[in-house]
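These notes are about the structure you will find just below.
In the UniProt record's numbering, the protein residues as written are 1 to 137.
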């Protein structure tokens, strides 16, 4: 069964369906006139379907939502973006082959164990930064 594709309509939709998702979201950012996008988007959908139990798939039309793309430092189409834990955590730009998209997805926290490790690492980094700031004052 093919994975559901979330078609993002606006900033609030992005926040509620992507940033507040319980699992990582792979986001394909495209424009309808972009030939590379027309080639890459089906590849993204294929890989997302392979990982449908671990990730969700969303699409963002950068022509319709330019402010959303700018806000999240997406300045090229096509772009693949992974959002997790309320943040954009990685990005891959340009036309990609299926194998490159698959490697990109695997390199992100998609399993429960990887997601827990990612959160633990971020908590550690935050604590360390706080301790360093306190020590310098």
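No residue lacks a Cβ here, since even glycine has one placed at the ideal position from N, Cα and C.
Shortest Cα-Cα distance from residue 103 to any of 44, 134, 10, 38 involves 44. Taking the Cα positions, residue 89 is about 22 Å away from residue 42. A residue is called buried once 16 or more other Cβ atoms fall within 10 Å of its Cβ, and residue 79 is buried on that count. For residue 62, no beta strand (DSSP E) run applies, since DSSP gives it neither H nor E. The three-state secondary structure of residue 56, taken from DSSP, is strand.
No residue range can be given for residue 77, since it is assigned to no beta strand (DSSP E) and is classified by DSSP as neither H nor E. Its chain contains 80, 104 as the residues whose beta carbon lies nearer than 6 Å to that of residue 92, once the 5 sequence neighbours on both sides are disregarded; these appear in chain order.
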